[in-house]
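Working notes, structure below.
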Amino acid sequence: MTNKVAIIASNGGLFDAYKVFNIATAAAATDQEVAIFFTFEGLNLIHKEANGHLPLPEGKDHFAEGFKKANVPSIPELVTMAQEMDVKFIGCQMTMDVLGMEKEAFVDGIEVGGAVTFLEFAKDADVTLSF
Amino acid sequence: MNSDKMLDAKGLACPMPIVKTRKAMNDLQTGQVLEIHVTDKGAKADLAAWSKSGGHELVETAEENDILKFWIRKG
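Line by line, the protein sequences are chains A and L. Going left to right, the first sequence walks through residues 44 to 174 as the working numbering numbers them. Going left to right, the second sequence walks through residues 7 to 81 as the working numbering numbers them.
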């Protein structure tokens, strides 16, 4: 039985990225169908250049060491893993237009769409999460 | 306990033990047993939940010197 998990990623920090991709990869590894809608700052999470250097929250720089010590995979690694497990990435067209960004700036294999593209996937999802 | 395949996921943090377990399990046939070694304490609950949700059977668990061991039979 396949369940569907629909995720909205609308924030662009390192903590946000881990919340999104850990849940997404865990769900995909449990044979769930997963789609993530990246909107506003959330687009940083799949931006080819930005997603390797996402900021920690202000005043939390000391957590960088904790991430290293815990042997947590990097965000680009999690992105690759998610895509290998067929997690669908949807980039928000409207945000891209507002910020003047092209599809080429993002990791390969993303779909670009509007809110309805996400809603169509999410309408019969078993789990919907927003980060 | 005997196993058909062994996965060493020691030193890896969430969600890697689950991701690696899924990958290793894909190579097994129904009824075969995967043995997994991890150090991530969260895996204890996670692998149990993962087995249940995928229709697999968590046959046995053990703990030795901070290493958690799991035997899961593919369903």
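Backbone N, C-alpha and C fix where the C-beta goes; we use that ideal spot for every residue, glycine too.
Proximal chain A residues relative to L/W56, where beta-carbon distance stays under 7 Å: T73
Just checking, does the segment 7-23 of chain L make contact with the segment 46-54 of chain L on the three C-beta pairs under 8 Å criterion? yes
I believe L/R79 touches L/E63 by the beta-carbon criterion, under 8 Å. Please report the beta-carbon distance rounded to the nearest angstrom. 4 Å
With 16 other CB atoms within 10 Å as the buried threshold, where does A/E92 fall? exposed
Going by DSSP, what residue range makes up the beta strand (DSSP E) through L/E41? Start and end: 39-44.
Measuring only between beta-carbons, confirm whether L/R28 sits less than 8 Å from chain A. Chain A places a beta carbon closer than 8 Å to that of L/R28, counting this residue as a contact.
Chain A within 8 Å of L/S59, Cβ atoms only: Judged by the 8 Å Cβ criterion, L/S59 is in contact with chain A.
Report the CB separation of A/F174 from A/I50 in whole angstroms; it is logged as a contact under 8 Å. 7 Å
Can you give the Cα-Cα distance for L/V65 and A/G152, rounded to whole angstroms? In this structure, the alpha-carbon of L/V65 lies about 39 Å from that of A/G152.
Under the three-state DSSP convention, the category L/D14 falls into: strand
Short check: CB of A/D169 to CB of A/K47, under 8 Å? The beta carbons of A/D169 and A/K47 sit closer together than 8 Å.
C-beta atoms of A/A60 and A/L97 nearer than 8 Å: yes
Assuming contact is defined by CB atoms lying nearer than 8 Å, are A/K131 and A/A69 in contact in what I supplied? no
Endpoints, beta strand (DSSP E) assigned at A/V170: Looking at the DSSP string, the run of the beta strand (DSSP E) that includes A/V170 is 170-173.
Please report the Cβ distance between A/F161 and A/F80, rounded to the nearest whole angstrom; I am assuming they are in contact, meaning their Cβ atoms lie under 8 Å. 4 Å
Of the residues A/G109, A/D140, A/M137, A/G95, the one placed nearest A/E120, counting alpha carbons only: A/G95
Which residues of chain L have a Cβ atom closer than 7 Å to the Cβ of A/V115, listed in chain order? A19
Name the chain A residues whose beta carbon is nearer than 7 Å to that of L/V153? Outside the displayed span of chain L (7 to 81) sits residue 153 of chain L, for which this structure offers no information.
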